[in-house]
DNA sequence: AGGTTATTTAACCTAGGGGCTAAATAAGAG
DNA sequence: CTCTTATTTAGCCCCTAGGTTAAATAACCT
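Residue numbers (UniProt numbering), protein chains in the order written: chain A, 1 to 138; chain B, 1 to 138.
Structure, rendered in structure tokens:
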């Protein structure tokens, strides 16, 4: 009965209402009432959606008087992104380039600080590297 | 009845069997029989899963004699990644750093042009800004 | 205490998802 | 044509997801 975390997270994301709620929460923490306002739907329905999102680890909830403010919780998003990473090479062409760019910038940053300025000019394109690369993101 | 693309994609990803199938396909194109082999499940069940994945745009299928080889299809993965990008700032530190760096660079650029050089030392925290930001990946 | 606001729980309904078995289709192989 | 292999379709179950309304909590206000 209890789905694995990734399954319940994806399941939670499969509903447009819930994704809209998350989009709203991306703008900042807010109450159930305000979250419910845009939808033509009863409050219990929204309450259920929030429970699903919370159980999926996509949001967390606090308590302030009679309000239960909701906010984005990063963990499950991170897991989804991580899982997606296994497939990124199938579509993200700029993945390698961006990755290279990041390293370059980091190197420059370091160069400034250490004043050692080892010049990076080479890009990597190898495929094997995909596997061994320490995640730059996540 | 017809869910929006993102919803059916997330729904397709919400099943561990289907994710396992995708993981197998990440290793390369293969037949239904071979995809079914690891699972203690009837072939029709697998067939249904494949149909769901195909309808979600996560795989595509060819025809070779009596086989219908399946392979990863990039489009829907890309869409998921794109959607996820709206939330990346919530967990990806390197994303924020990149974002900050980009803004800094832009600011320097502007400074050069306008020759007004208002020194930027502070990182943005405004929420509104998030909306107008063009995606870095995608 | 009694009232108002915010949110959840309970009980119910319906549609669709994921599984099965049996049968149908598609395409090579003899 | 017939046989075998690969895959899908057709029904049939059962259970859960998402919605509803009515009632229960929770916490503030007077």
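Ideal placement from N, C-alpha and C gives every residue a C-beta, glycine not left out.
Note that the coordinates shown come from a computational prediction; the quantities given were computed from them, not determined experimentally.
> What are the uninterrupted segments assigned as alpha helix (DSSP H) that are 4 or more residues long and contained completely in the UniProt domain "HTH arsR-type" (1 to 92) of chain B, given in chain order?
Replying inline: If we require 4 residues or more, the alpha helix (DSSP H) runs fully inside the UniProt domain "HTH arsR-type" (1 to 92) of chain B come out as 5 to 13, 16 to 25, 32 to 36, 43 to 55, 74 to 85.
> Which residues of chain A have a Cβ atom closer than 8 Å to the Cβ of residue 78 of chain B, listed in chain order?
Replying inline: Numbered from 1 along the second chain, position 78 holds the residue referred to as residue 78 of chain B. Within 8 Å Cβ-Cβ: 91, 92.
>> Can you find the residues in the same chain that come closer than 8 Å, C-beta to C-beta, to residue 6 of chain B, ignoring five residues on each side of it along the sequence?
In response: To locate residue 6 of chain B, count along the second chain from 1; it is residue 6. The answer, listed in chain order, is 79, 80, 83.
> For residue 10 of chain A and chain B, any beta-carbon pair shorter than 8 Å?
Replying inline: By 1-based counting over the first chain, the position of residue 10 of chain A is 10. For residue 10 of chain A, the nearest CB of chain B lies under 8 Å from its own CB, placing it at the interface with that chain.
> Given a threshold of 16 other Cβ atoms within 10 Å of its Cβ, counted over all protein chains shown, does residue 92 of chain A qualify as buried or as exposed?
Replying inline: On the first chain, residue 92 of chain A is found 92 positions in, with the first residue counted as 1. Buried, by the Cβ-count rule.
> Based on Cα-Cα distance, which residue from B/67, B/11, B/23, B/12 lies nearest to residue 89 of chain A?
Replying inline: As a first step, residue 89 of chain A is located in the first chain; it is residue number 89 there, counting from the start. Considering only alpha carbons, the answer is B/23.
> Should residue 73 of chain B go down as buried or exposed, given a rule of 16 or more other Cβ atoms within 10 Å for buried?
Replying inline: As a first step, residue 73 of chain B must be located in the second chain, where it is residue number 73. Counting Cβ neighbours within 10 Å, residue 73 of chain B comes out buried, since at least 16 surround it.
>> For chain B, check one thing: does any of its Cβ atoms lie closer than 8 Å to the Cβ of residue 59 of chain A?
In response: By one-based count along the first chain, residue 59 of chain A stands at place 59. False, the Cβ-Cβ gap to chain B never drops below 8 Å.
>> For a test of the three-state rule: what should DSSP assign to residue 134 of chain A, helix, strand or coil?
In response: Along the first chain, read from residue 1 onward, the residue named residue 134 of chain A stands at position 134. Its pLDDT being 35, under 50, residue 134 of chain A is placed unreliably by the model, and nothing is read from it.
>> Considering only their Cβ atoms, is the gap separating residue 12 of chain B from residue 18 of chain B smaller than 8 Å?
In response: Residue numbering aside, residue 18 of chain B sits at position 18 when the second chain is read from its first letter. Residue numbering aside, residue 12 of chain B sits at position 12 when the second chain is read from its first letter. In contact: residue 18 of chain B and residue 12 of chain B (Cβ atoms closer than 8 Å).
> Can you find a CB in chain B that lies within less than 8 Å of the CB of residue 38 of chain A?
Replying inline: Along the first chain, read from residue 1 onward, the residue named residue 38 of chain A stands at position 38. For residue 38 of chain A, the closest Cβ of chain B is not nearer than 8 Å.
>> Against chain A, which members of the segment 12 to 31 of chain B pass a CB distance test of less than 8 Å?
In response: Those would be 13, 14, 15, 16, 19, 22, 23, 26, in chain order.
> Assuming residue 98 of chain B contacts residue 102 of chain A under a Cβ cut-off of 8 Å, what Cβ separation, rounded to an integer in Å, is found between them?
Replying inline: In the second chain, residue 98 of chain B corresponds to position 98, counting from 1. In the first chain, residue 102 of chain A corresponds to position 102, counting from 1. With 8 Å as the limit, residue 98 of chain B and residue 102 of chain A qualify as a contact, their Cβ atoms being about 6 Å apart.
> Taking the alpha carbon of residue 54 of chain A as the point to measure from, which residue in A/67, A/8, A/4 has its own alpha carbon closest?
Replying inline: In the first chain, counting from the first residue as 1, residue 54 of chain A sits at position 54. Measuring C-alpha to C-alpha distances from residue 54 of chain A to each of A/67, A/8, A/4 identifies A/8 as the nearest.
> Taking any Cβ of chain B, which residues in the segment 39 to 54 of chain A have a Cβ under 9 Å from it, in chain order?
Replying inline: Per Cβ criterion, the list is empty.
> Interface residues of chain A around residue 74 of chain B at Cβ under 7 Å?
Replying inline: Translated into positions along the second chain, residue 74 of chain B becomes position 74. Within chain A, the residues near residue 74 of chain B are 90, 91.
> When you compare each of B/57, B/20, B/63 to residue 46 of chain B by their alpha carbons, which one comes out closest?
Replying inline: In the second chain, counting from the first residue as 1, residue 46 of chain B sits at position 46. Nearest C-alpha to residue 46 of chain B among B/57, B/20, B/63: B/20.
>> Can you list, in chain order, the residues of its chain with a C-beta nearer than 7 Å to that of residue 94 of chain A? Leave out the 5 residues immediately preceding and following it.
In response: On the first chain, residue 94 of chain A is found 94 positions in, with the first residue counted as 1. Within the same chain, residue 94 of chain A has no close Cβ partners at all.
> residue 104 of chain A to residue 49 of chain A, Cα distance in whole Å?
Replying inline: Counted from its first residue, the first chain places residue 104 of chain A at position 104. Counted from its first residue, the first chain places residue 49 of chain A at position 49. Their backbone Cα atoms lie some 43 Å apart in a straight line.
> Counting only beta-carbon atoms, is residue 35 of chain A nearer than 8 Å to chain B?
Replying inline: Position 35 of the first chain, counted from the start, is the residue given in the question as residue 35 of chain A. Chain B, which has no Cβ nearer than 8 Å to the Cβ of residue 35 of chain A, makes this no.
> Which value, in whole angstroms, describes the spacing of the CA atoms of residue 36 of chain B and residue 4 of chain B?
Replying inline: Along the second chain, one-based indexing puts residue 36 of chain B at 36. Along the second chain, one-based indexing puts residue 4 of chain B at 4. For residue 36 of chain B and residue 4 of chain B, the distance between alpha carbons rounds to 28 Å.
>> Please identify the residue among A/87, A/77, A/71 whose C-alpha is closest to the C-alpha of residue 85 of chain B.
In response: Taking the second chain and counting its residues from 1, one reaches residue 85 of chain B at position 85. Measuring from the Cα of residue 85 of chain B, the nearest candidate turns out to be A/77.
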